[in-house]
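Read through the structure below, which is laid out as C-alpha cells, and then see the notes.
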Amino acid sequence: MDGIDKLGLSTALAKARKSYQEGGIPIGAALVYHGSSTDPKDAVVLGCSHNSRIQKSSATLHGEIAALEDAGRLKAQVYRGSTMVRLAIPCIMCTGAILLYKIPRVVIGENENWVGGEELLKSQGIEVVVVDNAECKELMKKFIVEKPEEWNEDIGEIQ
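For the record, in the sequence shown the residue sitting at position 94 is 94 according to UniProt numbering, with numbers rising by one throughout.
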C-alpha cells in the first residue's frame, strides 16, 4: 500500500468509525486526487464521507455516492486522475458511479465479508487493489453480525 492509498484509507476508516458510532453502516469512502503522480505529497482528498442511509433515512447515500457529493462537481480529468478508496467492495450502484466517472483505480480495505462489484470493476479495466486491512474486516464483520437486516437492505439482499 503506497502513501496515496494510506491517506485515502485512513480518511475512509475515520468516516466509517463515525458512521458506526452513529448507528450507521460503517463504510467510509474517500476520493483522492493524485493526477499521474505516485508521490503522496501530491495527493489531495477531494471528497470523503460515509454511508448515511440509516442516519438520514436515505435510499442512496452509500459511502462512494456521499464522497462524490462531498467532492462536488469536478472536471472529467480530475476523476480520471483519482483513486476511490473505501472500506469494502462497492455495491452495484457505487460500482456504476465509479464506472460513470471513469475513476481508474479503486482501493478496498477488505473483501472477505461481501462480494459486491469487484469483478465488474476489473472487467471494465478498473485497477482494484485489496489491502486486506484487519480493522476494516473487523468493523464490517461486527456490523453485519449486529445488524444483519440493515446490512442486507443496504446491499439489496432480500431476507
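Where a beta carbon is used, it is the ideal one built from N, C-alpha and C, also for glycine.
Looking at residue i: is its Cβ nearer than 8 Å to the Cβ of residue j?
i	j	result
C94	L13	no
S49	A29	yes
A67	L31	yes
V131	D39	no
R53	T83	no
I144	N113	yes
I98	I65	no
P26	S19	yes
Please classify residue i: does DSSP put it in a helix, a strand, or coil?
i	result
A59	coil
G109	strand
Y79	helix
A43	coil
S49	strand
G96	helix
E157	coil
V130	strand
V32	strand
S123	helix
C136	helix
P104	coil
I25	coil
Let's see if you can read the secondary structure: which residues bound the beta strand (DSSP E) around residue i?
i	result
M84	S82 to A88
L74	Taken as a continuous stretch (DSSP letters only), L74 belongs to no beta strand (DSSP E), as it is neither H nor E.
Our contact map puts residue i next to residue j with C-beta atoms below 8 Å; I'd like the distance itself, whole angstroms only.
i	j	result
V107	G8	6 Å
Mind checking which residues open and close the alpha helix (DSSP H) that includes residue i?
i	result
G3	G3 to Q21
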